[in-house]
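Counting from 1, one number per residue, gives the positions in the sequence shown under my numbering. Structure record follows, encoded as structure tokens.
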Amino acid sequence: MTRQRLYLLVACVIGLLVAGGLAWKAGAFRTQEQSAGAVGGPFKLVDQTGKPIDERALNGKWSAVFFGFTYCPDICPGTLQALTATSDELGSKAKDLRIVFMSVDPERDTAPKVKDWLDAQGAPAGTLGLTGTPEQVAAAAKAYRVVYEKAGTGPDYLVNHSTAIYLMDPKGRFRRVLSYGMTPEQVADQIRAAMRGD
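Okay, structure coming up:
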């Protein structure tokens, strides 16, 4: 093989590697965008005052969205308390964050019940508590890839449900999952990083 052909072969291999790398990077970016866009979306619920509300309520601020039910004995109040403490950790940035609780127990969680629960938990001002009909709640949960199911019978049944917190940006787009059990300091760090675009 002549030296000229060898150089040509090497150049072709390098070109293929570069092109392949760029294609992979573009594909990975599209996959990230698709997975980011796979969480969240349209919903129609009512807030704790009974006012009809939809996904546009998440626009304008960062939103920490979590699902639960007001009769929840531990995880739901613990999540709200952790997010309240996170607001304190954020200091002046707390004004840019909204806490959003979406009920997965439409049978019991009326708007007044959600309001009473948020008040009893000492939720920060501006916290949204959302509920609706069984069909509306199911649609919202599906949009956020949340699973839930009734556990038990009688008036004291529980609801098994996803425990993640979904951080949405001021345009209502999903940015990251905040895992249940993270400390307020860890959650605040994650929110600051998202706000910086990290």
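Note that CB positions come from ideal geometry on N, CA and C, so glycine has one too.
- Looking at the DSSP output, Ser103 shares a beta bridge with Gly68.
- Separation of Glu135 and Ala141 (C-alpha to C-alpha, rounded to the nearest whole angstrom) is 10 Å.
- For Thr49, the CB contacts under 8 Å within the same chain, skipping 5 residues up- and downstream, are Ala111, Lys115 in chain order.
- Nearest C-alpha to Ser87 among Arg196, Asp169, Glu185: Glu185.
- In the same chain as Val104, and ignoring 5 residues on each side of it, the C-beta atoms closer than 8 Å to its own belong to Phe67, Gly68, Phe69, Val137, Ala141, Val146, Tyr148, Val159, His161, in chain order.
- Each of Leu83, Asp189, Arg108, Gly172 was checked against the Cα of Gly154, and the nearest Cα belongs to Arg108.
- In this chain, the beta strand (DSSP E) harbouring Leu130 covers 128-130.
- For Ser162, the three-state secondary structure derived from DSSP is coil.
- Taking each of Lys44, Gly91, Ala164 in turn and checking the Cα distance to Ser179, the smallest one comes out for Ala164.
- Buried is the label assigned to Ser63, since at least 16 other Cβ atoms lie within 10 Å of its Cβ.
- Bridge partners of Pro73 according to DSSP: none are assigned.
- By a beta-carbon distance limit of 8 Å, Gly129 contacts Phe101. Their separation comes to about 5 Å.
- For Asp156, there are no CB contacts under 6 Å within the same chain when 5 residues up- and downstream are skipped.
- Around Ile99, the same chain offers Ala64, Leu83, Thr127 as residues with beta carbons nearer than 6 Å, after the five sequence neighbours per side are excluded.
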